[in-house]
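Residue numbers (the numbering used here), protein chains in the order written: chain L, 1 to 694; chain V, 1 to 694.
Virtual Cβ for every residue (Gly too), placed ideally from N, Cα, C.
Everything below concerns the one structure shown next.
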């Protein structure tokens with residue numbers, strides 16, 4: 001038997017075992033990652049190039065690239081010799097970059113497939129909602145015209161500017177606003193360094209960008225109207241960046257990338273562990289995320305500039321005759337960034353040791369929001385720009401939850417709202433204007449389609465919807481990227497389809513309320529597979545992988561555990577507030593947007609509530625970050641709210657354990673679910689269901 | 001005739017032409033710099049090693065070390081082969097370090113003679129006065145004891161500390177003081193990074209250093225009593241650093257070094273020019289001074305620790321049984337630095353382009369004081385520490401003048417005080433509590449002993465006092481380092497002796513009131529030398545250089561120009577204030593301390609004033625820096641004062657030119673000098689003196 005090696009492909013995160021000696025391109029295809037090629041693997045087109053990265057995954061330590069792949073072949077070397085510019089532009093070295101059709105697997109290896117080489121472009125589903133946010137940014141711009149210094153009045157450049165700025169601020173903002181006097185204004189030290197040169201080049205007419213009504217952070221020649229800001233949601237898996245115009249609030253670009261820290265551990269606990277076990281672990285994780293932020297910033301600026309070129313015609317150019325307005329945005333025009341993320345992401349991006357987030361009694365280094373100069377973090381916006389980091393609430397209730405609260409505003413409601421953000425960990429906030437309580441619970445990766453036998457992310461080829469006919473027990477499914485049901489070639493199952501499938505299996509009485517497959521049903525789809533009982537959703541010939549795609553007993557069990565965790569957490573908060581059920585349920589995150597809320601309630605993933613009061617709001621954390629970016633008053637608001645949120649850890653007593661076990665059944669045996677009662681199969685024979693529907 | 005090359009020796013700054021082929025050691029001796037040697041130039045003792053530095057001086061560009069010296073000889077190479085540790089410890093490379101007895105001059109070269117190789121250790125005369133300063137530092141330390149976090153109260157580390165700190169601050173300072181609430185306190189970002197670790201290692205009992213009652217900048221385990229600060233006066237020639245205990249105000253070390261920027265230009269104008277002509281000029285000058293500050297900090301810490309060891313006996317150790325008090329100071333314990341210097345030094349240390357300081361209309365980048373994090377400047381105190389830079393008043397009236405005002409407090413007087421700080425440039429401040437006016441004037445290097453035929457700095461061998469018998473016309477002189485008059489071997493003349501000599505030549509009627517040497521006097525000491533008429537102070541056999549040391553006509557002329565500049569500047573300010581003369585004259589700087597004030601008045605260097613009201617206060621700028629370091633309220637005070645000081649440029653009209661020419665005479669022809677009248681020779685024959693003494 002041939003030797004096998006573990007391969008990880010980035011940014012998809014796909015991993016698996018492949019045989020020694022196959023090409024990287026073939027190996028990638030086996031793992032479901034298509035790599036371009038138009039020269040039939042002749043080492044001529046160069047479409048298939050990949051980057052060989054070092055890193056650590058699970059037990060493997062990949063120390064050297066060379067040991068794990070065949071050496072660079074003559075053909076391959078010749079290809080790169082003909083492309084010196086490509087190597088120079090990208091800063092690549094041969095050996096680090098390989099032609100995936102030529103390089104053969106000889107050991108465990110971590111491979112990065114760059115965007116341009118990818119066969120099926122990945123869809124990352126976090127997109128910002130267009131949302132009305134009152135625009136009151138921290139950055140304001142003022143045109144300041146000064147008389148040049150003379151021998152009679154040789155006042156210094158900064159004082160001259162500050163006096164002019166005082167006048168401009170009063171003119172623009174009106175005298176009724178409380179504004180600083182000129183000698184109370186400050187200038188950022190790095191900004192001061194180029195002031196004298198700029199003032200003279202600009203002939204004493206400049207546009208001054210003031211942060212928070214008190215600090216000058218940019219001085220540009222002439223009249224400049226716009227400045228820009230970036231809101232970033234750092235998820236454990238995906239990092240999403242929104243580039244906004246700080247004057248108009250307009251969203252100019254929404255970019256996302258995989259979180260590169262995934263190489264060091266899939267979930268937050270394993271990343272924390274990595275920083276504990278490796279002396280340079282924190283530094284590595286920190287640098288990785290900063291590099292990704294800088295990459296996203298570049299991409300967003302590129303996207304925004306493409307948009308500017310598209311909309312710019314002769315008309316616009318002539319009408320908009322402002323000679324000093326820069327035609328293109330640069331990263332230097334980005335003057336502020338707002339960051340949100342769970343507490344671990346928060347610590348890692350700030351280079352704070354996350355150790356105590358993962359050890360009892362589980363405390364963050366800091367709750368309150370932070371303002372740090374971009375240059376201190378190595379973030380490539382304007383070096384004088386500010387990075388605002390939203391407050392954390394607890395070790396497992398992070399700045400992303402603060403942002404979600406800010407976006408959804410439960411603290412302004414009379415009704416009781418339940419906010420749920422589901423990832424591998426779920427954060428829950430419940431309450432109203434008088435009181436907010438929160439908690440968190442691990443839900444595992446199953447709800448995101450990971451660690452499920454044929455689970456995959458929401459990418460082309462992924463089954464995203466499942467319906468099972470309760471008479472024939474035959475399924476219908478819909479694939480990402482296809483318009484019609486039952487068309488296209490399936491590659492795997494994503495998170496929303498797993499919820500669908502489990503709910504449908506229960507509704508069609510293929511599994512019982514305790515999640516067990518029934519035997520002896522009149523369908524070939526239920527069968528005993530390699531790892532136990534399973535239900536086949538797609539037969540091999542309907543797939544692009546040439547294998548049956550089933551939902552297994554193990555998959556159903558994982559969903560049961562996840563939903564029980566979520567349900568008991570919600571129940572705990574409701575008890576704290578002396579409530580039977582929430583008035584409204586808000587599902588945040590990509591997960592909430594793509595699940596069928598009726599089916600989620602059918603399996604008891606969320607408490608009972610009128611279906612019309614269950615909302616999926618998409619990336620609420622990202623929205624909250626944008627709100628904080630565009631409106632400085634909101635930063636104060638969320639600082640005050642988070643200081644008052646009550647944190648609860650889930651109990652660990654036997655009574656709670658019992659509750660948890662009951663909650664694994666469908667929907668939840670001890671709870672009434674009037675709003676989905678019509679969907680629940682009547683199985684009076686099940687003794688565990690005796691309390692049900694009473 | 002043999003070829004000659006220009007040699008500059010650092011840190012003494014001595015320069016001169018030497019013949020090709022002589023050894024560096026011989027060349028240095030010819031220029032008055034002794035280099036150690038005990039092996040009779042056999043390349044065995046290694047006492048004579050020197051560092052070959054690159055740099056630029058005047059018209060010379062020294063690009064490569066190798067072209068300008070003979071290659072490393074076998075003997076020399078063998079010496080260094082036997083000393084690998086020396087090279088490693090110092091980070092030296094052979095070729096950069098040479099044995100000065102072996103290396104032969106082949107071109108222009110800049111040589112650094114390290115302290116250990118110097119034959120006569122240099123005395124830098126700036127020393128801090130012991131002065132009463134009310135100690136109200138920006139840094140305060142508080143012991144904070146916290147209860148550790150629990151599952152029930154998992155509040156974050158910073159919030160836990162901030163709440164404890166609020167309590168401690170109130171206890172220490174009393175509730176009547178206006179102190180921030182816990183959520184108004186901030187923590188420096190870099191300090192936050194190590195907070196969690198420190199709190200746990202310290203078992204939740206720490207000493208917290210708070211800057212300006214609002215920002216935590218250091219957290220140390222256990223109880224720590226003291227923190228430290230450094231006050232620095234950056235002169236164009238000398239940099240002086242004072243290390244102080246911020247709790248007691250005690251001066252722990254006073255260190256000084258030559259300003260390394262001297263390599264790029266002797267005076268401020270040539271350094272400004274250097275930054276204009278070289279794209280990397282500013283960066284070079286900035287890095288040079290920062291490196292010197294870091295060197296001085298290290299030296300000061302070493303000195304302070306030596307002092308600690310000296311004073312620590314068994315007694316002290318037992319009485320002072322505080323286990324967590326660090327036995328030794330490190331640079332990390334220095335939590336604040338205050339910087340002063342002229343406007344050019346101010347700009348260069350802050351990395352601000354000084355171009356416009358040197359071009360009409362002569363404006364600084366900034367007047368107001370600045371607070372910059374030490375890490376932003378690369379200054380190696382605690383990276384979270386603050387660097388406070390005092391305000392500048394004008395392009396040629398810098399932060400050193402602000403510091404002088406702060407030290408001498410003319411703004412608190414009813415009388416009119418005239419403050420004069422003399423260097424190659426003189427700054428003058430005149431006024432009282434109601435009004436202060438200031439100006440500056442170039443005085444040239446003559447008053448500091450430079451550019452004088454046999455001028456030298458106040459170092460061993462320098463003549464520092466001169467007296468001429470008015471009957472015999474014979475001189476007496478005193479040499480630095482000698483107790484008695486007319487003992488020791490003279491090497492040159494330092495600034496104070498030049499003033500003495502010129503005044504004595506005038507008093508003894510060897511030169512007339514217009515500064516011309518009289519011919520036909522009955523002394524061999526007055527003679528026509530190589531460069532014109534001169535008066536010999538020391539004959540060759542009385543010197544260590546084997547040559548006569550004279551005062552030349554040219555030297556007298558230079559003093560006349562310098563004193564005229566100073567006098568007209570003072571006169572201009574007096575007129576602005578409608579005053580005849582000041583009530584008090586305060587001479588700041590090393591110069592003021594070593595000149596004979598009676599003789600200075602005799603030649604008209606300073607306006608007439610009762611001699612008992614003329615004070616030499618030493619390094620007032622350094623004192624001001626220390627005051628600002630030890631008392632934060634003083635920073636506000638000087639900010640307010642400098643905003644109100646009126647700046648005057650000296651006029652350039654013909655009337656002023658005429659005034660200036662008159663002022664070159666001794667003392668000043670149009671002015672009454674009643675307080676030194678008894679010293680002035682009665683020369684009614686001189687027609688220019690006709691208005692005099694009326």
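Residues of chain V with a Cβ closer than 8 Å to the Cβ of residue 360 (chain L) are, in chain order, 151. Comparing alpha carbon positions, the residue from L:53, L:331, L:99 closest to residue 74 (chain L) is L:99. Taking all protein chains shown into account, residue 645 (chain L) has 16 or more neighbouring C-beta atoms within 10 Å of its C-beta and is therefore buried.
Assigned with DSSP and collapsed to three states, residue 191 (chain L) falls in helix. When C-beta distances to chain V are compared with 7 Å, the residues of the stretch 340–354 of chain L below that value are 351, 352, 353, in chain order. Inter-segment contact for the stretch 146–154 of chain L and the stretch 351–365 of chain V is present: three or more beta-carbon pairs are separated by less than 8 Å. Residue-level contact by beta carbon holds for residue 372 (chain L) and chain V, with a gap shorter than 8 Å. DSSP places residue 141 (chain L) in no alpha helix (DSSP H) but in the uninterrupted beta strand (DSSP E) bounded by 139–145. Think of a sphere of 9 Å around the beta carbon of residue 157 (chain L): the chain V residues whose beta carbon falls inside it are 356, 363, 364, 365, 366, in chain order.
A direct Cα-to-Cα measurement between residue 384 (chain L) and residue 191 (chain L) gives close to 6 Å. Every alpha helix (DSSP H) of 4 residues or more that sits fully in the stretch 612–692 of chain L is shown, in chain order, as 620–630, 633–644, 654–662.
The Cβ-Cβ distance between residue 218 (chain V) and residue 348 (chain V) does not fall below 8 Å.
Taking a C-beta cut-off of 7 Å against chain L, the contacting residues of the stretch 187–209 of chain V are 189, 192, 193, 195, 196, 197, listed in chain order. Cβ atoms of residue 603 (chain V) and residue 585 (chain V) stay farther apart than 8 Å, at about 15 Å.
The Cβ atoms of residue 537 (chain V) and residue 550 (chain V) sit closer than 8 Å to each other. For residue 158 (chain V), the enclosing alpha helix (DSSP H) stretches over residues 157–173. DSSP places residue 497 (chain L) inside the alpha helix (DSSP H), whose first and last residues are 495–507. Not flagged as an interface residue toward chain L: residue 260 (chain V), since no C-beta distance is shorter than 8 Å. Residue 229 (chain L) is a Cβ neighbour of residue 139 (chain L), given a cutoff of 8 Å.
Residues of chain L whose Cβ lies closer than 8 Å to the Cβ of residue 27 (chain V) do not exist; the shortest such Cβ separation is about 41 Å. In this structure, DSSP gives residue 565 (chain V) a helical state, which the three-state scheme calls helix. By the beta-carbon neighbour count (other beta carbons within 10 angstroms, threshold 16), residue 148 (chain L) is exposed. Around residue 395 (chain V), the beta-carbon contacts reaching into chain L at under 7 Å are 154. For residue 84 (chain V), the enclosing alpha helix (DSSP H) stretches over residues 84–90. Relative to the Cα of residue 166 (chain L), the nearest Cα in the group L:354, L:143, L:188 belongs to L:143.
In chain order, 368, 643 make up the part of chain L whose C-beta sits under 8 Å from the C-beta of residue 183 (chain V).
Just measuring C-alpha positions, the residue of L:514, L:582, L:554 sitting nearest residue 666 (chain L) is L:514.
DSSP places residue 396 (chain L) outside both helix and strand once states are collapsed to three, so it counts as coil.
At a cut-off of 8 Å between beta-carbon atoms, residue 336 (chain L) makes no contact with chain V.
At least 8 Å separates the beta-carbon of residue 253 (chain L) from that of residue 400 (chain L). About 6 Å separates the beta carbons of residue 452 (chain V) and residue 446 (chain V), which is inside the 8 Å limit, making them a contact pair. Taking C-beta separations shorter than 8 Å and ignoring five residues to either side along the sequence, the partners of residue 615 (chain V) in its chain run 584, 585, 586, 587, following chain order.
Ranked by Cα distance from residue 494 (chain L), the options L:521, L:484, L:2, L:464 are led by L:464.
For residue 255 (chain L), the nearest beta carbon of chain V is not closer than 8 Å to its own beta carbon. Under a criterion of Cβ atoms nearer than 9 Å, no residue of chain V is adjacent to residue 427 (chain L); the nearest Cβ is some 15 Å distant. Using beta-carbon distances, residue 655 (chain L) does not count as an interface residue toward chain V, since no partner is under 8 Å.
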